[in-house]
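Residue numbers (this note's numbering): 1242 to 1359.
Built from N, CA and C at the ideal position, the CB exists for glycine as well.
Notes follow once the structure below has been shown.
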Amino acid sequence: MRPFIFAWTFGREQARDPDAATLALAWAAMECGATREAAALEFIHLGWSIAAATRIAKAAEAELRRERISYVVGLIREALADKSDDHAIRALLTTERWMRPQELDALIADLRAAALVA
């Protein structure tokens, strides 16, 4: 995570919107495998309050989750358009470990229902 700290320090000084730069950094750190807690801890080490560091890390985690779910929805829609069965859809997403099986099942069911209605 240390390279991101340098990027954050430089980017925050240069950015027109320092909060957006900070959120982008936390998002990038989590995309590379840092946990929300690790990202928050790095900001605390930089002098942030615990509340502010936790808030930005939670916001980054939520943004990353939205991006990932959006990506998964796109993959599932493509599979549904190709008339793939649920097993094929699940196989397609086996590398997407950040989505819980129950969430994946519910998402497939919702998209299948939407495809039938549309």
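Could you tell me how far apart the beta carbons of A1301 and A1279 are, in whole angstroms, since I believe they sit closer than 8 Å? For the purposes of this step, residue 1301 is taken as residue 60 along the sequence shown, with counting starting at 1. For the purposes of this step, residue 1279 is taken as residue 38 along the sequence shown, with counting starting at 1. Taking the Cβ atoms as the reference, A1301 lies roughly 11 Å from A1279, outside the contact range of under 8 Å.
I'd like the span of the alpha helix (DSSP H) that includes S1311, first residue to last. Residue mapping note: residue 1311 aligns to position 70 of the sequence shown, counting from 1. Run containing S1311: I1291 to A1322, per the alpha helix (DSSP H) assignment.
Please identify the residue among A1275, I1285 and A1350 whose C-alpha is closest to the C-alpha of I1317. By one-based count along the sequence shown, residue 1317 stands at place 76. Among A1275, I1285 and A1350, the Cα nearest to that of I1317 belongs to A1350.
Do T1295 and A1281 have their beta-carbon atoms positioned less than 8 Å apart in this structure? As a first step, residue 1281 is located in the sequence shown; it is residue number 40 there, counting from the start. As a first step, residue 1295 is located in the sequence shown; it is residue number 54 there, counting from the start. A contact, by the Cβ cut-off of 8 Å.
Cutting at 6 Å between CB atoms, please list the residues of its own chain near R1277, excluding the five before and the five after it. The residue labelled residue 1277 in the question sits at position 36 within the sequence shown. These residues qualify, in order along the chain: A1298 and E1302.
Alpha carbon to alpha carbon, what distance is there between E1308 and A1347? As a first step, residue 1347 is located in the sequence shown; it is residue number 106 there, counting from the start. As a first step, residue 1308 is located in the sequence shown; it is residue number 67 there, counting from the start. Spanning the two alpha carbons is a distance of roughly 18 Å.
How many angstroms separate the CA atom of D1323 from the CA atom of G1315? On the sequence shown, position 82 is the one that residue 1323 refers to. On the sequence shown, position 74 is the one that residue 1315 refers to. D1323 and G1315: Cα-Cα distance of roughly 13 Å.
Inspect the beta-carbon positions of L1321 and R1353 and report whether they are closer than 8 Å. Mapped onto the sequence shown, residue 1321 falls at position 80. Mapped onto the sequence shown, residue 1353 falls at position 112. Their beta carbons are under 8 Å apart, which means L1321 touches R1353 by this criterion.
Helix, strand or coil at A1350 according to DSSP, with G and I counted as helix: Within the sequence shown, the letter at position 109 stands for residue 1350. If DSSP states are grouped into helix, strand and coil, A1350 belongs with the helices.
Identify whether A1279 lies in helix, strand or coil by the three-state DSSP scheme. Reading the sequence shown from its first residue, position 38 is the one you call residue 1279. If DSSP states are grouped into helix, strand and coil, A1279 belongs with the helices.
Looking only at its own chain, which residues have a Cβ that is under 7 Å from the Cβ of I1291, when we skip the five neighbours before and after it? As a working mapping, residue 1291 is identified with position 50 in the sequence shown. Closer than 7 Å at the Cβ level, and outside the excluded window around I1291, lie I1285.
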